[in-house]
Amino acid sequence: MKNIAVIGTGYVGLVSGAGISDFGHNVVCTDIDENKIKRLQSGEIPIYEPGLQELVSRNVQASRLSFSSNVNKSIKEADVLFIAVGTPEGENGASDLSAVLEVARAIGNNLNSYKVICTKSTVPIGTGSKISDIINKSSINSIEFDYVSNPEFLREGSAVKDFLWPDRVIIGASSSRAFDIMKNVYRPLYINETPVIETTIETAELIKYASNAFLSVKISYMNEIANMCDEIGADVHVVSKAMGIDGRISPKFLHPGPGFGGSCFPKDTKALVSMAEELGTNLKVVESAIEANRLQKERMVEKLYTLLKNDVKDKTIAILGLAFKAQTDDVRESPSVNMISALKNDGAIIKAFDPAANDNMKKIFEDLDTNTSWEETVKDSDCVIIMTEWNEFRGIDLSKLKELVKDPNLLDCRNILKIDDLEKLGFNYDNVGRKKR
Ligand SMILES: NC(=O)c1ccc[n+]([C@@H]2O[C@H](COP(=O)([O-])OP(=O)(O)OC[C@H]3O[C@@H](n4cnc5c(N)ncnc54)[C@H](O)[C@@H]3O)[C@@H](O)[C@H]2O)c1
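Its first residue numbered 9, the sequence shown is counted upward by one per residue in this note's numbering.
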């Protein structure tokens with residue numbers, strides 16, 4: 009059993025900390041956000057993530073998991089430190105490493121015994137040596153440590169499952185002592201025979217970006233194929249199903265939609281392109297995926313305007329879904345942000361509802377009129393837009409919806425509603441690559 013500190017208690021830090029405590033270790037999740045730590049200490053989970061409440065409660069009750077805003081003390085008391093702070097988009101698309109480097113300085117200042125220092129945050133290639141240099145410079149006693157890159161692949165919405173049963177674990181290190189300690193941290197996964205890739209620090213750092221950028225390319229590609237389907241009247245779902253049966257392609261990430269968002273793909277693709285530029289190599293495929301994604305978000309706005317014959321001023325538009333995907337409250341880079349901005353600019357009256365993300369979207373648009381049910385949101389509206397694929401929107405009774413709205417205009421950016429029903433009920437509708445001609 010190890011004493012572990014997870015520094016940064018956000019989506020990744022909280023799930024990882026709770027997951028590692030479930031593996032049997034003593035974990036403290038620490039953060040400079042005192043309010044967040046207070047809420048966690050009082051039993052409140054500050055984010056929406058299925059299964060997280062149970063995982064946290066179980067391990068707090070077993071005295072394996074605690075929360076602290078004293079980052080320095082948490083560092084001193086731990087054998088293994090996980091860095092899980094944010095790495096948002098910085099200048100020219102490069103990663104903003106200020107929080108990671110600040111943590112590195114704090115680690116150096118508080119290094120009191122040998123520790124493994126492991127980065128879970130997504131950081132550019134070469135960040136491992138930067139962190140090690142900072143720790144060496146700020147540590148007064150020249151105490152030994154090992155640096156490890158252990159990128160995280162959990163997905164918001166299924167983060168608990170992804171952490172406890174990952175497809176693979178990547179460990180980049182340069183000493184056998186560090187590999188052995190990480191093996192001990194992830195012991196239950198080794199026992200389960202989860203594939204573990206042991207590699208160099210730089211390779212581990214690149215694997216994370218290469219994976220996220222590949223998935224982003226897949227999404228953008230399918231979105232562009234969907235746009236072709238729009239033009240020729242083909243059904244993109246049949247196209248993607250047939251493509252996905254091919255083992256070389258795989259059926260995952262072939263679902264078209266309003267463009268990718270969230271806290272990872274948009275910034276990680278840009279950061280990878282920025283790294284390639286610095287190295288003097290080309291990443292034209294990823295550059296195109298980024299541009300295609302920007303256009304896809306714009307295309308959803310254009311589709312809406314076409315549906316309403318460019319007449320949106322003073323029209324009441326009901327937006328169902330604000331999160332960048334279902335099962336999360338995260339609205340970072342969500343396609344809904346683009347839609348709301350455009351409609352606000354053009355004088356539409358917006359009513360919105362998300363089962364988990366209303367509060368987060370109100371941090372971006374303070375005056376957003378948010379509602380607590382889809383029925384209340386669509387009532388007397390001139391148009392309904394499905395922006396997020398929540399199950400409760402999949403199950404919408406379209407006859408009831410038609411009775412509630414003023415005008416039956418509907419844009420389904422997630423292709424979750426039955427086209428035959430929309431046709432039968434006489435909706436003026438559009439979707440992404442599935443409209444009947
Ligand atoms: N969110 C995801 O789905 C996901 C998945 C895989 C990897 N990642 C990567 O993991 C990292 C964290 O992402 P996130 O979504 O959890 O971010 P987040 O914004 O939810 O959480 C970051 C936390 O770090 C804290 N923090 C900032 N500076 C700190 C400091 N000096 N000391 C202690 N705490 C500090 C913040 O207060 C915040 O609570 C990023 O690099 C991200 O790219 C995210």
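All C-beta atoms in this analysis are idealised placements derived from N, C-alpha and C, irrespective of residue type, glycine included.
For clarity, every value in this text was computed on a predicted model and none was experimentally measured.
Any heavy atom of ligand 1 closer than 6 Å to the CB of residue i?
{"i": "C272", "result": "yes"}
{"i": "A107", "result": "yes"}
{"i": "T396", "result": "no"}
{"i": "G94", "result": "yes"}
{"i": "I15", "result": "yes"}
{"i": "I40", "result": "yes"}
{"i": "T130", "result": "yes"}
{"i": "Y19", "result": "yes"}
{"i": "E341", "result": "no"}
{"i": "E160", "result": "yes"}
{"i": "L213", "result": "Checking the sequence, you will find Glu at residue 213 rather than Leu. No."}
{"i": "V193", "result": "no"}
{"i": "E57", "result": "no"}
{"i": "D164", "result": "The sequence shown places Glu at residue 164, not Asp. E164: yes, Cβ under 6 Å from ligand 1."}
{"i": "E97", "result": "no"}
{"i": "E110", "result": "yes"}
{"i": "V79", "result": "yes"}
Skipping 5 residues on each side, what residues in its chain have a beta carbon closer than 8 Å to that of residue i?
{"i": "I257", "result": "M251"}
{"i": "L109", "result": "K138, I139, I142"}
{"i": "D429", "result": "L406"}
{"i": "S219", "result": "F161"}
{"i": "S166", "result": "P58, Q335"}
{"i": "G32", "result": "M9, R72, R195, P196"}
{"i": "N290", "result": "A284"}
Once the 5 residues before and after residue i are set aside, which same chain residues still bring their CB inside 6 Å of it?
{"i": "I178", "result": "P159, I205, A212, I215"}
{"i": "R72", "result": "S29, N34"}
{"i": "I139", "result": "A112"}
{"i": "C74", "result": "The displayed chain sequence assigns Ser, not Cys, to residue 74. Same-chain partners within the cutoff: V36."}
{"i": "S146", "result": "R113, G116, N117"}
{"i": "N301", "result": "S228, G267, F268"}
{"i": "T385", "result": "A326, K359, F361, N379"}
{"i": "A186", "result": "V124, D154, V156"}
{"i": "S76", "result": "V36, T38, S82"}
{"i": "L450", "result": "It is not possible to answer for residue 450, since the shown part of the chain is limited to 9 through 445."}
{"i": "I45", "result": "D39, F75, S77"}
{"i": "S381", "result": "none"}
When we look at the beta-carbon of residue i and count the other beta-carbons within 10 Å, is it buried (16 or more) or exposed?
{"i": "G441", "result": "buried"}
{"i": "Y19", "result": "buried"}
{"i": "R422", "result": "buried"}
{"i": "V193", "result": "buried"}
{"i": "E286", "result": "exposed"}
{"i": "V293", "result": "exposed"}
{"i": "D254", "result": "exposed"}
{"i": "K305", "result": "buried"}
{"i": "K275", "result": "buried"}
{"i": "I199", "result": "exposed"}
{"i": "A356", "result": "buried"}
{"i": "D420", "result": "buried"}
{"i": "A70", "result": "exposed"}
{"i": "T135", "result": "buried"}
{"i": "W173", "result": "exposed"}
{"i": "D175", "result": "exposed"}
In its own chain, which residues sit with a C-beta less than 7 Å from the C-beta of residue i, not counting the 5 before and 5 after it?
{"i": "K370", "result": "L376, T378"}
{"i": "A331", "result": "D337, D338, V339, S342, D362, A364, A365, T396"}
{"i": "S389", "result": "T324, I325, A326, K359, V413, K414"}
{"i": "W398", "result": "G329, A334, P363"}
{"i": "K191", "result": "Y198"}
{"i": "M309", "result": "For the record, residue 309 in the displayed sequence is Val; it is not Met. The answer, listed in chain order, is N346, M347, A350."}
Could you tell me whether the Cβ of residue i comes closer than 7 Å to any Cβ of chain D?
{"i": "G59", "result": "Included in the structure is just one protein chain, with no chain D present."}
So is the beta-carbon of residue i under 6 Å away from any non-hydrogen atom of ligand 3?
{"i": "K371", "result": "This structure simply doesn't include ligand 3; it includes ligand 1 instead."}
Does the structure place the stretch 115 to 132 close enough to the stretch 87 to 100 that three or more beta carbon pairs sit under 8 Å? Touching, yes, given that three or more Cβ pairs across the two stretches are closer than 8 Å.
Pairing CB atoms from the stretch 111 to 127 with CB atoms from the stretch 72 to 88, are three or more of them under 8 Å? Short answer: they touch.
Count the C-beta pairs between the stretch 220 to 228 and the stretch 296 to 309 that are closer than 8 Å, then say yes if the count reaches three, no if not. Contact holds between the stretch 220 to 228 and the stretch 296 to 309, because three or more Cβ pairs, one in each stretch, are under 8 Å apart.
Would you say the stretch 307 to 323 touches the stretch 240 to 248, given that touching needs at least three Cβ pairs under 8 Å? The stretch 307 to 323 vs the stretch 240 to 248: no contact.
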